Amino acid sequence: MFYLNPTKRGVGVELWGTSADLRIMYQVFSDLWDLDDDKLTENILSAFLYEVRHAEQGDRLIRENSHFSIERESHFGCQISWVQLLYFIAFVNQKKSLHPMNKLVDAIILQLEYWTEMALVEYDGKTGQLMLTYVGKSLDGSNPYLYYFMRLANLKFFELKGGKRAFHQLPELMKGGVKGTVAYKTIRNKLIVKAKELGCDPGELDMDEDDAVYDIQW
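Following my numbering, the residues of the sequence shown are numbered contiguously, the last one being 222.
Given below as structure tokens:
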């Protein structure tokens, strides 16, 4: 059974599991690629599954046992930001609402939601409780520009450099992904205006990013 722990500086979670746990997760979510042939599906899935695949291959974090047992059984992990994790859950739940899926998908996404909630509250009880509304609920998974919204929120969160102070700002930051909020409308309108100026589809726009922001202390 895979599980999540909050990272030391509260930037996100460590996703842990046996090789079999992570392989099953990868295979189950990979099936979502076959549902829609669009860039949103490709980008959202690729960003998450890239880390899961490298974890399963032993390229990220490794332990001799789980955090809950002294029995030796290799566990493999990776680090995923709160923002990326929450947007991924919203994306999967949106796909579930549109396409029939088997119970294994339901089981894995429910397990992912459960451990996300546990990790949020474990890192900071008060702010963690405020964040629970974003676990599979408030974020607009149907947003055609979801990947851009996720990257923008991720960038802003990483700029805060982690720690409790950054985590306390996360509930407000995540409002940008909630349909109908002022923040959501502002981001969407700016994106559409910029796309018109450049003569391209909003979904094709990239962001100007400083790579140094992604030098993260998890």
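For each residue, glycine too, the CB sits at the ideal point set by N, CA and C. Keep in mind that this is a model prediction, so the values were computed, not measured.
Helix, strand or coil: which one does DSSP assign to residue i?
| i | result |
| --- | --- |
| Asn47 | helix |
| Gln115 | helix |
| Asn147 | coil |
| Phe72 | coil |
| Ile28 | helix |
| Met211 | coil |
| Trp222 | coil |
| Glu60 | helix |
| Ser34 | helix |
| Val139 | coil |
| Arg155 | helix |
| Lys165 | coil |
| Val182 | coil |
| Leu39 | coil |
| Asp205 | coil |
On the DSSP bridge assignment, give the partners of residue i in chain order.
| i | result |
| --- | --- |
| Gln83 | Glu18 |
| Leu8 | Leu19 |
| Ile66 | Phe80 |
So the alpha helix (DSSP H) residue i belongs to, where does it begin and stop?
| i | result |
| --- | --- |
| Pro175 | 174-178 |
| Thr131 | 129-135 |
| Met105 | Element bounds for Met105: n/a, residue is neither H nor E. |
| Ile191 | 186-202 |
Would you say residue i touches the ligand HEM, meaning its beta carbon is less than 7 Å from a heavy atom?
| i | result |
| --- | --- |
| Gly81 | Absence of the ligand HEM from the depicted structure is noted, as is the absence of any ligand whatsoever, leaving it without description. |
Please tell me whether residue i has its Cβ less than 8 Å away from any Cβ of chain C.
| i | result |
| --- | --- |
| Ala170 | Protein chain content of the structure displayed is limited to a single chain, and chain C is not contained in it. |
Among residues of its own chain, excluding the 5 on either side of residue i, which ones have a beta-carbon nearer than 7 Å to its beta-carbon?
| i | result |
| --- | --- |
| Tyr127 | Pro10, Gly14, Phe171 |
| Val87 | Met154, Ala157, Asn158, Phe161 |
| Glu60 | Ser23, Leu26, Arg27, Tyr30, Phe80 |
| Leu108 | Val32 |
| Glu117 | Ile93, Val139, Gly140 |
| Trp119 | Tyr7, Leu8 |
If you drop the 5 nearest sequence neighbours on each side, which residues of the same chain put their C-beta closer than 6 Å to that of residue i?
| i | result |
| --- | --- |
| Met178 | Tyr138 |
| Ser146 | Gln98 |
| Leu134 | Pro175 |
Using a Cβ-Cβ cut-off of 8 Å (strictly less than) and excluding sequence neighbours within five positions of residue i, which residues of its own chain qualify?
| i | result |
| --- | --- |
| Leu36 | Thr45, Leu49, Val96, Lys99 |
| Phe115 | The sequence shown places Gln at residue 115, not Phe. For Gln115, where only same-chain residues beyond five positions count, the Cβ hits under 8 Å are Met5, Phe6. |
| Met211 | Tyr152, Arg155, Leu156, Leu159 |
| Gly207 | Lys43, Leu44, Pro148, Tyr149, Tyr151, Tyr152 |
| Met122 | Leu8 |
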